[in-house]
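Accompanying notes for the structure given below.
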DNA sequence: ACGGGTGTGTGACTTAGTCACTGACTTGCT
DNA sequence: AGCAAGTCAGTGACTAAGTCACACACCCGT
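Protein chains in written order, with my numbering: chain E, 1 to 217; chain U, 218 to 434.
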């Protein structure tokens, strides 16, 4: 994806876009790299062109949970707050697939916010979506049963079926304990819609499966 | 609080401020009033001058949880997302104490974002703080024990000691079930640092209480 | 005084999280 | 090949939290 194709710049005035292309820094991030850690200061606003970055946080207890992902065409809204308030990040970000980002220096970001209505709008929309997704996450964690959440996670990843993932990783994904994941997966396997091996999960989820989720409502 | 004293307008250019004063609508909200409900469309950006509004959401299961509060000098960041993306709210807002808000029409908001750097900055800071608080909430719900959370809530409200609050309300506050709250409160009372009556809780929390919270770490 | 509405207390049971430990698979080294 | 260390998964026993069902106390109006 080219800079100009990032939705944050959609409909942007050509002279501003030129300015961006001159002053933005492009950064390539290899998979596995930690982009920022709790306490880090923010250097600029990253916009993802391609790739995927996982944002997670570690509780005081040492437990971790995945909060959300920043994917193709996304904006790292978290950075805006840090940039503006001048405080450090509270979460950490880890590159999952090789990622290309544009980093807008603070000054460029501010000038775009001042001069481009479409840019402004896009930034606010991204922010709203992030807020929304966190609210949904709160609701899910607070009220949804673990078996249902796990089953949904698996189903939403059924397309890359022989999943290479450990129970521990899955536990962080859902914010629970490894043992809980192991037990539920075992149940699912007994129900016959998944198959387990060390570090691998095969999903044979025939559409909406009638077996796994115990009456939700 | 006067319009000009709201921190969102701190350092704002006088002519812009005049514009705001001309075009902003001031609304008085009585306690108990529902400001918006899930699905409602957003009319403009509300800035709270004085008062307190509770934002909560109802899960698919019918359970409720308080997400955060908008208090004196706050901005309803949730509305920005709705305003920009044109979708409805996902949460609901209820006035807790009589509240005065300024409502900025979309056009005024946008013009301020374009023309005032301090305003822009304040809005982004508010947004960042809101994201932050939701992330903390996620962590708390996912990993903190209920007794600790309840004890902390009580301690943080110890100043208005004979609290008039029901267990049910407290349960929504923490996103749990009423029975859980009742049982924990009973334990606390047995430990001797609170005293219960119908719809009322007296707190005698002598500083950091040595009795109630069972080893956290 | 009575009766309905609203809060609260409790037991029994299910689900989730914690702790401690076993064993299996993987990799690399000798 | 054989072994050792590291990683991953399974499990039992126990505690914490959430659910369900129901009893009962308190409050207020008639």
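All C-beta atoms in this analysis are idealised placements derived from N, C-alpha and C, irrespective of residue type, glycine included.
- Query: Mind checking if residue 15 of chain E is an interface residue toward chain U, Cβ cutoff 8 Å exclusive?
  - Reply: no
- Quick one: residues in its chain with C-beta nearer than 6 Å to the C-beta of residue 398 of chain U, no 5 flanking neighbours on either side, listed in chain order? 384, 387 and 388
- Any idea if residue 421 of chain U is buried or exposed, counting beta-carbon neighbours within 10 angstroms, 16 or more meaning buried? exposed
- Query: Who are the near neighbours of residue 184 of chain E in its chain, counting only those whose CB is closer than 7 Å to its CB and skipping five residues on each side?
  - Reply: 146, 147 and 150
- Message: For the pair the stretch 54-63 of chain E and the stretch 322-330 of chain U, tell me if three or more CB-CB distances fall below 8 Å.
- Response: no
- Query: Do three or more CB pairs link the stretch 335-352 of chain U to the stretch 156-167 of chain E at distances below 8 Å?
  - Reply: no
- Contact check, residue 75 of chain E vs residue 53 of chain E, beta carbons under 8 Å: no
- Quick one, which residues of the stretch 162-185 of chain E are near chain U if we go by CB-CB under 7 Å, in chain order? 175
- Query: chain U partners of residue 218 of chain E, CB-CB under 7 Å?
  - Reply: With chain E covering 1 to 217 only, the question about residue 218 of chain E has no answer from this structure.
- Task: Return the first residue and the last residue of the alpha helix (DSSP H) that residue 128 of chain E is part of.
- Result: 117-143
- Taking only beta-carbon atoms, is residue 290 of chain U less than 8 Å away from chain E? no
- For residue 414 of chain U, which beta-bridge partners are listed by DSSP? U/417
- Task: Starting from the beta carbon of residue 138 of chain E, find every residue of chain U whose beta carbon is closer than 9 Å, and list them in chain order.
- Result: 274, 282, 284, 351, 354, 355, 358 and 392
- Query: Of the choices E/200, E/186, E/40 and E/48, whose alpha-carbon is the least far from that of residue 102 of chain E?
  - Reply: E/48
- Work out the CA separation of residue 105 of chain E and residue 418 of chain U for me, nearest whole Å. 52 Å
- Query: Under a Cβ-count criterion, where at least 16 other Cβ atoms within 10 Å of its own Cβ denotes burial, should residue 392 of chain U be classed as buried or exposed?
  - Reply: buried
- Item | Test item: CB-CB of residue 132 of chain E and residue 307 of chain U under 8 Å | yes
- Message: Suppose contacts are defined by Cβ-Cβ distances below 8 Å. Is residue 139 of chain E in contact with residue 276 of chain U by that definition?
- Response: yes
- Task: Examine chain U for any beta-carbon lying closer than 8 Å to the beta-carbon of residue 80 of chain E, and answer yes or no.
- Result: yes
- Query: From the beta carbon of residue 129 of chain E, is the nearest beta carbon of chain U less than 8 Å away?
  - Reply: yes
- Could you pull the start and end residues of the beta strand (DSSP E) that residue 44 of chain E belongs to? 44-58
- Task: Please decide whether residue 77 of chain E counts as near chain U, where near means a Cβ-Cβ distance under 8 Å.
- Result: yes
- Query: Can you tell which of E/92, E/123, E/152 and E/46 has its C-alpha closest to the C-alpha of residue 37 of chain E?
  - Reply: E/92
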